[in-house]
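Trainee:
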Amino acid sequence: MNDFENIAKTYDPKQVEDRTYDKWLKKGYFHADIDESKAPYTIVIPPPNITGQLHMGHALDNTLQDILIRWKRMQGFCTLWLPGTDHASIATEARIVEAMSEEGLTKDDIGREAFLKRAWEWKKLYGGRIVEQLKKIGCSCDWERERFTMDEGLSDAVREVFIKLYNKKLIYRGERIINWCPKCCTSISDAEVEFEEHEGHFWHIKYPVKDSDEFIVVATTRPETMLGDTAVAVNPDDERYTKLIGKTVILPLMNREIPIIADEYVDKEFGTGAVKITPAHDPNDFEVGMRHKLEQIRVMNDDATMNEKAGQYQGFDRYDARAKIIKDLNELGLLDKIAGHTHNVGTCYRCNTVIEPIMSKQWFVHMKPLAKPAIEYVKNGTIKFVPDRFSKIYYNWMENIQDWCISRQLWWGHRIPAYYCLECGETIVSAEKPELCPKCKSSKIEQDEDTLDTWFSSALWPFSTLGWPKDTEDLRYFYPTNVLVTAYDIIFFWVARMIFSGIENMGREPFKYVFIHGIIRDPQGKKMSKSLGNGIDPLEIIDGYGTDALRFALVSGNSPGNDQRFSVEKVESSRNFANKIWNASRFVLMNFDENPDFSAIDGKKFEMADKWILSRLNTLIKEVTENMGKFELGIALQKVYEFIWDEFCDWYIEFVKPRLYDRENESRPEAQYVLNHVLANSMKLLHPYMPFITEEIYGHLVTDDESIMIAKWPEYNDKFVFKSDEESMQLIMDAIRNIRNIRAEMNVPVSKPAKLIFVSENKKQQETLKAGASLFQRLAGASETIVQGDKDGIPVDAVSSIISGAEIYIPLEDLIDVKKEIERLEKEKANLQKEINRADGKLNNEGFTAKAPKSVIDEEKAKKEKYKIMFKKVEERLASLKK
RNA sequence: GGGAGCUUAGCUCAGCUGGGAGAGCACCUGCCUUACAAGCAGGGGGUCGUAGGUUCGAGCCCUACAGUUCCCACCA
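Per the numbering used here: the first sequence = residues 29 to 911.
Next up, the structure:
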C-alpha cells in the first residue's frame, strides 16, 4: 500500500484539466515542426466566426478532429491541426451596427474608415473568446499557426485568386437578379437563402386590353412588383390567349402600355395561364425579358421601400405598398379574386428577413468550368466523403450549380480589388490601386465599394493558412490536408467551394477525406437554437461533468453523418465511466510497491488470467485501430469502454486481488506488471477520446513517456496471442457466472460458502478448473473445489448446472427443493432440445450443407455436438434426481 | 417536383463485408464485499415499421407501401 490509498474516490476534472492543458502547451506538444522523416497528417479547423460562442456543434466537430489528430500524433505522424477564425462579414458587421445604434450612430454617420477601426477593435476584444473555449474542450491545435481570414497573408490570397479568376474570365461583373436582404442591406448568394413555407395569397388581377372591353387576368403573390411590369406573357400554345398575343394591355395603376407576349416559360395549367412579367424583380421574368428585349424597371430601393419608379406608391414599404395596391385595385374593380396560396418564400439565413429578388450589378463567379473538375475529383475517389452517401448530395448540388454572387454591400471583409476609372469607365482589376487609368491615363480612379462574400476567403482556407500564394515550406509539406471534419449542413457553403478552389489554385485536392457528422439536437430532437432557447452550453456541461465526459457523450453510440440528441443523462453515464477508470487506477496504484520496477518481470510466470487479458488487449488494439482507420470512432470507443469496464475491471482486477494482497505470492510482481501494462495501453487507446483523465492516470503509471500525448500508439503483436488461455479463462468465467446464477435463483448469496464439485472427463479442463479454485472461492463462494472425472459420490441433493464441457454440482443440503430442481432442469433440457433442433434443421438442409462455407457448417456441427452432450448430462442428472 | 436519412427493448441509440439480436438509461431482486453505491452480482423485456422478393440463411441486399425527419428545386 502507498499514498494512492488516500486519493479522492471520485475523479475531479477541475483538478486536472486546466493544469494538464497548460502543461501540454508549455511542452509544445501541439506545435508541428516539419519533419521530413515523418509523414504529415494535417487538418485545418473549420474556422469559427469571431462573433461565435462555443456551442454543442463546435464541441462535437472539434472533439472529432482532436481525436483524429491525437491518434495520428501517437502513431508517429507529423501532425498539424491548424486553427483559426473567420471574420464572418455579415454576422460581425450586423453586431457592430447594432452596437453603434445603441449610441445612436449609423454606418454612414461614421464612414468606412472609422467603421473598420471599430470592427477591428471588436475583433480584438471578442475574436479570441471562441479560441479560449476551444482550449477548454482539449483541442490540441498548433496555436502558433493560428490564422484569421483577414490576416495580411490570407488577404493576399483572396486578391490573388480574384485577379486570377478575373483574368481567366471566371469572375465577371454583371447586372442580374440577385437575392437582396433589405435588413442586412446586401446581396447574398443562392446558398444563403433559406426557403420557408408561408401562408400567402394569390391575387388575380385584371389587366385591361387596350382598345377593347377585354381583360387578361394575371395571378401574383407579390402584387407590388406589378408597378415594374413590362409585359404579360402567355404560352404560345394556349388557345385561350392566341388572339391576344401581340396586343397591348394597360398596366393598371401605372397606366403604362405593355405588350402581351408569347413564351414557353408560361405553364398553361398554372394560375390563369397569363403571367405578369417584371424583369427587374424576378429571375424567371428577367430571363423572359432578355429573350423579348423588355425594359427592366426596378421599383424598389435597397431598404425595400418603393422608389420613384413606383409612382404614387413611392416611399411606401413593400408590404404597405402591397396592401395599398390591393385596396386600390379593388376600388377600380380590377381585383378578380384572392385565393389562398401556400408557397415558399426565400429568407436571409442570417437575419431571417424575406429576401427580395432584385436586379443589381454584382460580381459573379462563373461556376460551370470550376464545378467540372470538382465533380471529377470525388467521382474518381481522390476525395472521399465519409459516409459515402454525402457524395450524392454534393454531386446533386455541383451538377446544377448556378453562378456565385460574391459581392456584398458590406464594409467588413475583403474589399474587391477592382478599380473604376471615373473618366472613361474602364474597369481595372489589380492588387494595388493603379496610378493612372491604362486606357485614358486619367488619375481619377476609385476602388469598388463592395467586399467579398465571407465564403470566398474561407474557400481558400486549406492553402491560404499554409502561406499561399507564397511557396512556403508549410505549404509544400502539409498540403493537401488529410481530412476535413464538418457537419453536413455546411457542404455547399464551404466544402464544395474549398474543393474547386483547391483544384483551381493548387492543382490538387484540398483534402483526401471529408468526414461528415450530424447535428446535435436537444433531448426532444429539436435543433438547438438561440431563438428557441433550447441550447445546452457545452461549457456548463464541462463545468459540471468535465471535458472528458462531454467528449465521451458526444462520440459514443453515434455513427458518422447521423444526428444525435444530447441528454444530460448520457453525460452522467460518461462521467461515471471516467470515475470507473479513476478508481480502477487507484486500485492498481495502491497495490504497487514503493518504487515499482518491472525490469525483472518474467513472462514465464504469467498466469492464465494474465495471458487472457494480454491476449484480449491485443485483440482490442487491432480492432480499435481498424475502426478508427475507417472513421468508426463510436464503435472504437465502445470497444475500449467494454474492455476496460467489463473485462479489465469486472474480471481481471477481481482475478488478481489475491495475488496482490499476498505479498509473498510469487507471481505478485507479474500481476502488478500486467495491471500496469494493460491499464497504460488502455489509457493510450482512450486518450484521443478522453485526453485529460488518461494523461493524469498515465502520469502515475510506470512508463518511459513524459506524456501520453506523445506516447506510441499500441500495436497488435503476434507474441500476445494466447488462444488456449483465453479458452480456459472462458471456461472459468462461464462457471462462475453459472454458479452465481444458480445461487441467485436459489437465494443463496455468495457470502454463504458452499462446496463445489466439477465433473469433467477432459484432462485440460480438469486442470483449468483446479487452477481456478481460488477464483471460485473468491468469486463464486466456493468453500472447497473438487474436480473429478466421474459422478461418483455426487449427493442427490446438489444443485447442478451443465456448462459446455463440465458439470457443476453444489451440494446445498437442506436448502435444495428437489421438485424445484427437477423443474429447473426440465426447463434447461427443453432449451437444449430447442438448440439441437435448430442445429439439426440447418444441418439437414441440403442447401445449407451444399452452399454454406465450410467454417459455418463446422461451427454448426460443433454446436450440435456440444448441445447433445449437455443434453445427455442433463438427462442423466434428471434421472438420478427422480430416483 | 427531385433526392437522402430514419423506423431495432419503456426511453436514447449501436449493430463493421448477410451466418444464433446489443449498450446506456429506466425497471425488478439481492448486496455499504478493504478500487469504485457515480458501485457490485443477478434478472425481466424486442415476430428489428408493413408486405413481397433474392439467398441454404436477411435487422443487414432488392422492390413496393406506410410513418417520420431533412436537403435541393421554387409555378409566376
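We treat Cβ as the ideally placed atom computed from N, Cα and C, and that holds for glycine.
As the structure is a computational prediction, the values presented were derived from the model and not from experiment.
1. Would a C-beta distance cut-off of 9 Å place ARG536 and TRP483 closer than the cut-off?
2. Have a look at VAL406, VAL513, ALA446 and flag the residue whose alpha-carbon is nearest the alpha-carbon of PRO111.
3. Rounded to the nearest angstrom, how far is the Cβ of GLY800 from that of ILE760, given a contact under 8 Å?
4. Note down the Cα distance separating GLU874 from ASP868, rounded to an integer number of angstroms.
5. Apart from the five residues on each side of it in sequence, which residues of its chain come closer than 6 Å, Cβ to Cβ, to PHE913?
6. Report the three-state DSSP secondary structure of PHE543 (helix, strand or coil).
7. If you draw a straight line from the alpha carbon of MET178 to that of PRO697, how long is it in whole angstroms?
8. Considering only residues of the same chain and omitting the five flanking positions on each side of HIS320, which have a CB-CB separation below 6 Å?
9. For the ligand GDP, is there a heavy atom less than 8 Å away from the beta-carbon of PRO75?
10. Quick one: Cα of GLY585 to Cα of GLU477, how far?
11. Taking the CB atoms as reference points, tell me whether MET328 and GLU384 lie closer together than 9 Å.
12. What does the Cβ neighbour count give for GLY657, buried or exposed, with the cut at 16 atoms within 10 Å?
13. Give me the DSSP bridge partner(s) of LYS389.
14. In this structure, does DSSP put HIS705 in helix, strand or coil?
15. Specify the secondary structure class of HIS320 as computed by DSSP and reduced to three states.
16. Assuming the contact rule is C-beta atoms closer than 8 Å, LEU88 and GLN161 should be a hit. Round their C-beta distance to whole Å, please.
17. To the nearest angstrom, how far is it from the Cα of LYS894 to the Cα of VAL652?
18. Determine whether the beta carbon atoms of LEU360 and PHE243 lie at a separation below 9 Å.
19. Within 10 Å of its beta-carbon, does GLU888 have 16 or more other beta-carbons around it, so buried, or fewer, so exposed?
20. Since PHE521 contacts ALA219 with CB under 8 Å, what's their CB separation in whole angstroms?
21. Hey, LYS834 and LEU797 are a contact pair by Cβ (cut 8 Å); roughly how many whole angstroms apart?
22. Give, in chain order, every unbroken run of the alpha helix (DSSP H) that is at least 4 residues long and sits entirely within the stretch 510-587.
23. Just mark SER613 as buried or exposed, buried being the case when its beta carbon has 16 or more other beta carbons within 10 Å.
24. Out of ALA515, ASP638, SER601, which one is the CA nearest neighbour of GLY589?
25. For TRP685, which of TYR669, VAL702, ASP291, ILE672 has the nearest alpha-carbon?
26. From which residue to which residue does the beta strand (DSSP E) around PRO76 run?
27. What residues match up with ILE770 in a beta bridge as DSSP calls it?
28. Helix, strand or coil for SER183? Go by DSSP, reduced to three states.
29. Of the choices ILE564, ALA782, ASN90, ARG593, whose alpha-carbon is the least far from that of ILE836?
30. From this set, ALA259, SER217, HIS226, which residue's C-alpha is nearest TYR235's C-alpha?
31. If you reduce the DSSP assignment to three classes, tell me which class TRP52 lands in.
32. Nearest to SER788 by alpha carbon, out of LYS819, ILE764, PRO777, GLN805?
33. Can you tell me which residues form a DSSP beta bridge with THR813?
34. Please state the DSSP three-state secondary structure of ARG430.
35. Based on Cα-Cα distance, which residue from ASP241, ARG250, GLY301, ARG284 lies nearest to THR270?
36. For GLY800, name the three-state secondary structure that DSSP assigns.
Mentor: Looking at the atomic coordinates:
1. What you label residue 536 is simply residue 508 of the first sequence in a count that begins at 1. What you label residue 483 is simply residue 455 of the first sequence in a count that begins at 1. Cβ atoms of ARG536 and TRP483: not closer than 9 Å.
2. By 1-based counting over the first sequence, the position of residue 111 is 83. With distances taken between Cα atoms, PRO111 lies closest to VAL513.
3. Counted from its first residue, the first sequence places residue 800 at position 772. Counted from its first residue, the first sequence places residue 760 at position 732. With a Cβ gap of about 4 Å, GLY800 and ILE760 count as contacting.
4. To locate residue 874, count along the first sequence from 1; it is residue 846. To locate residue 868, count along the first sequence from 1; it is residue 840. Spanning the two alpha carbons is a distance of roughly 11 Å.
5. Shown here, the chain extends from 29 to 911; a query on residue 913 therefore has no answer.
6. Counting from 1 along the first sequence, the entry for residue 543 is found at position 515. Of the three classes helix, strand and coil, the one that applies to PHE543 here is strand, per DSSP.
7. One-based indexing of the first sequence puts residue 178 at position 150. One-based indexing of the first sequence puts residue 697 at position 669. Their backbone Cα atoms lie some 60 Å apart in a straight line.
8. For the purposes of this step, residue 320 is taken as residue 292 along the first sequence, with counting starting at 1. Taken in chain order, the residues that qualify are ILE289.
9. Looking for the ligand GDP in the displayed structure turns up nothing, as the structure carries no ligands at all.
10. In the first sequence, the residue the question calls residue 585 occupies position 557. In the first sequence, the residue the question calls residue 477 occupies position 449. Looking at the two C-alpha atoms, the distance is approximately 50 Å.
11. Counted from its first residue, the first sequence places residue 328 at position 300. Counted from its first residue, the first sequence places residue 384 at position 356. Result yes, Cβ atoms of MET328 and GLU384 sit closer than 9 Å.
12. Sequence index remark: in the first sequence, residue 657 carries index 629 (1-based). Exposed: under 16 other Cβ atoms inside 10 Å.
13. What you label residue 389 is simply residue 361 of the first sequence in a count that begins at 1. LYS389 pairs with GLU203.
14. As a position in the first sequence, residue 705 is number 677, starting the count at 1. Here HIS705 carries a helix assignment [DSSP, helix/strand/coil].
15. In the first sequence, the residue the question calls residue 320 occupies position 292. Here HIS320 carries a helix assignment [DSSP, helix/strand/coil].
16. As a working mapping, residue 88 is identified with position 60 in the first sequence. As a working mapping, residue 161 is identified with position 133 in the first sequence. 14 Å between Cβ atoms; not a contact.
17. Walking along the first sequence from the start, residue 894 turns up at place 866. Walking along the first sequence from the start, residue 652 turns up at place 624. Taking the straight line from one Cα to the other gives about 32 Å.
18. In the first sequence, residue 360 corresponds to position 332, counting from 1. In the first sequence, residue 243 corresponds to position 215, counting from 1. Between LEU360 and PHE243, the C-beta spacing is not below 9 Å.
19. Numbered from its first residue, the first sequence carries residue 888 at position 860. Buried, by the Cβ-count rule.
20. Reading the first sequence from its first residue, position 493 is the one you call residue 521. Reading the first sequence from its first residue, position 191 is the one you call residue 219. Contact flag correct, Cβ pair sits at about 6 Å.
21. Translated into the one-based positions of the first sequence, residue 834 becomes position 806. Translated into the one-based positions of the first sequence, residue 797 becomes position 769. Residue identity differs from the one stated: residue 834 is Ala in this sequence, not Lys. The pair is a contact, with the Cβ atoms about 7 Å apart (cut-off 8 Å).
22. 524-534, 566-573, 575-583
23. Position 585 of the first sequence holds residue 613. Flag for SER613 reads buried.
24. For this step, residue 589 is matched to residue 561 along the first sequence. For GLY589, the nearest C-alpha among the options comes from ALA515.
25. Residue mapping note: residue 685 aligns to position 657 of the first sequence, counting from 1. Sequence check: residue 685 is Lys here, not Trp. Here the closest residue by C-alpha is VAL702.
26. The sequence position of residue 76 within the first sequence is 48, counting from 1. Segment: none, PRO76 is in no beta strand (DSSP E) and carries neither H nor E.
27. Residue mapping note: residue 770 aligns to position 742 of the first sequence, counting from 1. Checking the DSSP bridge columns, you'll see ILE770 has no partner listed.
28. Locating residue 183 in the first sequence gives position 155, counting from the first residue. The answer is helix: DSSP assigns SER183 an H, G or I state.
29. Taking the first sequence and counting its residues from 1, the one referred to as residue 836 is at position 808. When each option's Cα is compared against that of ILE836, the closest is ALA782.
30. The count along the first sequence starts at 1 and reaches residue 235 at position 207. The shortest C-alpha separation from TYR235 is found at ALA259.
31. In the first sequence, counting from the first residue as 1, residue 52 sits at position 24. DSSP places TRP52 in helix when its eight states are reduced to three.
32. To locate residue 788, count along the first sequence from 1; it is residue 760. Of all alpha-carbon atoms in LYS819, ILE764, PRO777, GLN805, the one lying nearest the alpha-carbon of SER788 is that of LYS819.
33. In the first sequence, the residue the question calls residue 813 occupies position 785. In the DSSP output, where bridge partners are listed per residue, THR813 has LEU784.
34. Against the first sequence, residue 430 aligns to sequence position 402. It is worth fixing the name first, because residue 430 is Gln in this sequence and not Arg. The three-state secondary structure of GLN430, taken from DSSP, is coil.
35. If you number the first sequence from 1, residue 270 lands on position 242. Out of ASP241, ARG250, GLY301, ARG284, GLY301 has the C-alpha closest to the C-alpha of THR270.
36. What you label residue 800 is simply residue 772 of the first sequence in a count that begins at 1. DSSP places GLY800 in coil when its eight states are reduced to three.
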